[in-house]
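Taking my numbering, the leading residue of the sequence shown gets 572, the next gets one more, and so forth.
What follows is a single structure, written as structure tokens, with notes after it.
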Amino acid sequence: MPETKDGELAKVESIEAIERKEKRMEVGMANTVTELENIAIKRGYSMRWVTKMANIKGINKYARA
């Protein structure tokens, strides 16, 4: 195991927590299936993820904007 100082480990953990929060916020702000599809493509997720997220968020694929 590499030698680390407590402060270094805390910085890495806090950076990872911030990145996770930003990803959740990005999904939370998506209001359409198209926006979810763009996120999925950018992150390398399957289109099944889009369907699941749309159902969770209550987004109807066929609703008019």
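For each residue, glycine too, the CB sits at the ideal point set by N, CA and C.
Computed from a predicted model, the values in this text were never measured in an experiment.
In the displayed model, G629 falls within coil according to three-state DSSP, outside both helix and strand.
Secondary structure at G599: helix, using DSSP grouped into helix, strand and coil. By the C-beta density criterion, V604 is buried, having at least 16 other C-beta atoms within 10 angstroms.
Judged by DSSP in its simplified three-state form, S617 adopts coil rather than helix or strand. Rounded to the nearest whole angstrom, the CA to CA distance from K632 to N609 is 14 Å.
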